[in-house]
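Numbering (our numbering), first residue to last: 1 to 453.
Glycine included, each C-beta is placed from N, C-alpha and C at the ideal position.
To start, the structure under review is shown below, and the notes come after it.
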Amino acid sequence: MTPPIRTVCVVGSGGREHALAVALGRTADVVVTPGNPGIAGVTPEGHTLSSVDVPAESIDADLFVIGPEVPLVDGLADRLRGSGRLVLGPGADGARLEGSKGFMKAVLAESGVPTARFAVFSEIQPARTYLQSLPGPWVVKTDGLAAGKGVLVTESLAEAEADLEAKLSGRAFGPAGRRVVVEEGLTGPECSLLVLCDGERLVPLAPAQDAKRLGDGDRGPNTGGMGAYSPVPFVPDDEVGTLADNVVAPLVATLRRRGIDYRGVLYAGLMLTAEGPRVLEFNVRFGDPEAQVVLARIEGDVAGLLGEAAAGSLDRLPSYGQRAAVCVVLAADGYPAAPRTGDVIHGLDIAARLDHVSVFHSGTAAIEGKVVTAGGRVLSVTALGDTVAEARARAYAGVEALSWPGMQVRTDIALPMSGGDRAPGVRGGPAGVGSLRSPGTSRATGWVGVPAR
Ligand code: AMP
Ligand code: GLY
């Protein structure tokens, strides 16, 4: 039995946590730590949202939801559970999936989940020999956390070798890079599949696609994510059950065999290759900005759903309206290399008045009554519509209202060709965004059993 969830504490300060607060605030009072200036006030349903910068351990709430990976890897969920709290988020044992890419790849291999060919190294010479044995493109990843910046994908063997040296020497990423995963480069469209896990049962949520590169047409450096949309044309909502069966359920079975009781979100980063779906990574939390679009699409009691996953008693299914969501991220000047902070943001009041549009704060601060930029990704403008095209138009109307010096924004989020919506070999794709199927009766609302192996 899950206790009633009347109050929720969300840990984090970004757009994902703001979106969580709003979704949870339909049925519960929400306090976010440390939160941000956008998280304040009363929801349309009459629940309070607030931000307080105190340790999560000192907060009293019926449910704790931990947003970012760093506190999860550091064992915050264990500490909270140790003092009797109900927590959505894995303990440090499960969070190792994201804390060590080498560990994640080992678990994938043990589970028989399809992934890129790989090997793990701490020494330069064997790593170089392995790299040279692979056909390009080449991929070099830090084993440890690197805020989404530790992955190099390149067509140049020389660049891959130089990157290997920079990582293994500790120069590029410190201790996080002293172990690396070297893997074959795959090609195909990408898709993020977020799955709720209660330790035993899985509920896949609607798929989303995020735009990782800074520039239009997927050019420029990798970022934390410049936008997202859901549903995606090449993985209709009603196929996520099959996908979760193939790529998530075997992994959870392995975790259980290893004695890991995983209660939280499993985020599979998938590439849909000509040979079928391949897992690029598992994250142990909601994606940002994927959470903004996926949570916006779920109707009803999100607090109850997350509470059941945390309590090990998942017994309800998310329901979706006939809706699509698009999120456009606005980033600071200089992002991702060296974001400038302190620029005053204009237009928040105008954007707040737009129907179907929510402006989530990702990296802002309130100084002398003004809201200013305080991080790389600053705002995530999220809109709902009956179709992706309608949601997209509304999101960009929100973007039009907002400005500050040097603001960066992609203009092609959720356009049919952005992110490459060609998915050879994947049932249902390729398809244009215009031909999206309705998610109404979707297998996204079905159970996935974890094989007891
Ligand atoms: P990761 O943090 O492992 O998801 O990697 C970040 C991004 O790098 C992914 O979203 C992909 O765009 C790209 N990437 C990672 N692994 C591969 C791979 N094996 N082949 C091609 N691209 C990859
Ligand atoms: N949007 C990518 C991530 O959350 O890791």
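Which listed residue (the options) has its alpha carbon closest to that of residue i
i	options	result
T33	I413, E57, V265, V52	V52
E200	V252, L76, R219	V252
G264	G14, A162, R81	R81
T129	A211, P405, A158	A158
T463	L202, S58, V293	No information on residue 463 is available, as it lies outside the stretch 1 to 453 that the chain covers here.
Q408	E390, A331, P416	A331
T48	A337, R16, T7	T7
D343	L379, R278, P236	L379
G177	G148, L186, R26, G188	G148
G91	G35, S156, D261	D261
N283	D301, Y320, P221, V248	V248
L168	S156, A127, R117	A127
Y320	D237, A40, P221, T115	D237
L354	A338, D315, G398, G375	G398
I39	D93, R213, P175, G363	G363
P416	N222, V42, A228	A228
G94	E190, E368, L266	L266
V279	S50, T115, Q322	T115
P189	R394, E368, D218, L164	D218
A352	E368, T187, R394, D60	R394
Check whether residue i and residue j have beta carbons under 8 Å apart
i	j	result
V139	V120	no
R410	A211	yes
G67	V11	yes
V113	L97	no
A356	L384	Strictly speaking, residue 356 in this sequence is His, with Ala absent from that position. Cβ atoms of H356 and L384: closer than 8 Å.
A324	P231	yes
R340	G347	no
R285	E69	yes
A389	V294	no
G225	D301	no
E45	T254	no
G136	E155	yes
E183	R117	yes
Pairwise C-alpha distance: residue j and residue i
i	j	result
E281	A268	6 Å
G420	I413	Residue placement at G420 cannot be trusted, given a pLDDT of 41 that sits under 50; the coordinates are not used to answer.
V195	E400	33 Å
T142	V180	5 Å
A172	A166	5 Å
L134	A365	46 Å
V426	P405	Confidence at V426 is low in this model, with a pLDDT of 32, below 50, so its placement is unreliable and no value can be given for it.
A311	D74	21 Å
L270	V371	36 Å
Q292	L24	12 Å
V359	L193	23 Å
A21	A274	39 Å
C9	A244	28 Å
R297	R79	32 Å
R392	P233	14 Å
G55	L402	At residue 55 the sequence reads Pro, which differs from the Gly that was named. Approximately 33 Å between the Cα atoms of the pair.
V31	A19	13 Å
P336	G215	11 Å
A423	E57	Since pLDDT at A423 reaches only 36, below the 50 mark, its modelled position is unreliable, and the value read off the structure follows with that caveat. When rounded, the distance between both Cα atoms is 45 Å.
R256	K105	17 Å
L205	G304	15 Å
C197	A28	21 Å
G428	V381	Below a pLDDT of 50, predicted positions are generally treated as unreliable, and G428, at 31, falls in that range; the measurement from the model is reported next regardless. Rounded to the nearest angstrom, the two C-alpha atoms are 29 Å apart.
G150	K101	11 Å
P277	V240	12 Å
D62	P4	8 Å
G15	R85	24 Å
T373	G144	28 Å
Q322	D386	6 Å
T43	D315	26 Å
P175	D163	15 Å
G89	A146	20 Å
For residue i: DSSP bridge partner residues
i	result
A228	D210, C327
H47	Note: H47 sits in no beta bridge, so no partner.
I413	In DSSP, I413 forms no bridge with anything.
F234	For F234, which the question treats as bridged, DSSP gives no partner whatsoever.
F118	E183
E281	G269
F64	C9, V87
I39	Bridge partners of I39: none, in fact.
V31	C9, S50
I260	Paired residue(s): none; I260 is not in a bridge.
I124	Bridge partners of I124: none, in fact.
G276	T273
Any chain D beta carbon closer than 8 Å to residue i
i	result
G144	Note that chain D does not occur in the displayed structure, where there is just one protein chain.
Any non-hydrogen atom of ligand 4 within 7 Å of residue i CB
i	result
L186	Ligands present in the displayed structure are limited to ligand 1 and ligand 2, and ligand 4 is not among them.
Going along the chain, which unbroken runs of the beta strand (DSSP E) with 3 or more residues stay wholly within the segment 176-222? Taking 3 residues as the shortest admissible run, the segment 176-222 contains the following complete beta strand (DSSP E) segments, listed from N- to C-terminal end: 180-184, 190-198, 202-204, 213-215, 219-222.
Inside the segment 304-385 only - alpha helix (DSSP H) runs reaching at least 4 residues: If we require 4 residues or more, the alpha helix (DSSP H) runs fully inside the segment 304-385 come out as 348-352.
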